Amino acid sequence: MVELLLKTADAARYLGVSVQSLRRYRDVKGGFLAENEDWFSGAFENSPIRWNVENCKEAFSKRRKGFTNLKRNQEAKKILKQVS
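Each step along the sequence shown adds one to the number in our numbering, with nothing skipped, and position 25 is 25.
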């Protein structure tokens with residue numbers, strides 16, 4: 001399967017969200033989109049971010065269904081069991 005990687009403005013338009021929202025959804029900003037899975041940094045600091053829009057669509061869908069919080073809670077429980 002060929003991945004569709006778009007620059008931020010094009011990805012935002014494709015996904016139906018604002019550029020600011022898409023940037024805010026990155027995991028480095030406390031969001032739910034994971035680097036090297038949903039988005040990719042360029043080779044240089046000023047290189048454009050590329051977004052895997054199909055992965056982003058799937059992440060949006062799961063987030064709407066509460067999947068992200070469920071997954072985080074499950075991971076937290078695993079960590080607590082390991083510590084105990």
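Note that the Cβ used here is the ideal one computed from N, Cα and C, for glycine as well.
As the structure is a prediction and not an experimental result, all values here were calculated from the model.
Helix, strand or coil, according to DSSP, for residue i in the structure here?
i    : result
Leu6 : strand
To the nearest whole angstrom, what separates the beta carbons of residue i and residue j, a pair I think is in contact under 8 Å?
i    : j     : result
Ala9 : Val53 : Not a contact, Cβ separation roughly 12 Å.
Could you give the distance in angstroms between the alpha-carbon of residue i and the alpha-carbon of residue j?
i     : j     : result
Leu85 : Asn55 : The question about residue 85 has no answer here: the residues shown for the chain are numbered 1 through 84.
Ala43 : Val83 : 38 Å
Val17 : Arg26 : 13 Å
Pro48 : Leu22 : 13 Å
Arg13 : Ser61 : 17 Å
Glu45 : Glu35 : 15 Å
By Cβ distance below 6 Å, which residues in the same chain neighbour residue i in space, the five residues on each side in sequence not counted?
i     : result
Arg50 : Leu5, Phe40
Which residues in the same chain have their Cβ closer than 7 Å to the Cβ of residue i, if we skip the five residues on either side of it in sequence?
i     : result
Leu33 : Tyr25, Arg26, Asp27, Trp39, Cys56, Ala59
Val19 : Thr8, Ala9, Ala12
Near residue i, what residues of its chain come up, given a Cβ to Cβ distance below 8 Å and the 5 sequence neighbours on each side ignored?
i     : result
Glu37 : Asn52, Asn55
What beta strand (DSSP E) runs, 3 residues minimum, are completely inside the segment 30 to 56? The qualifying runs are 50 to 52.
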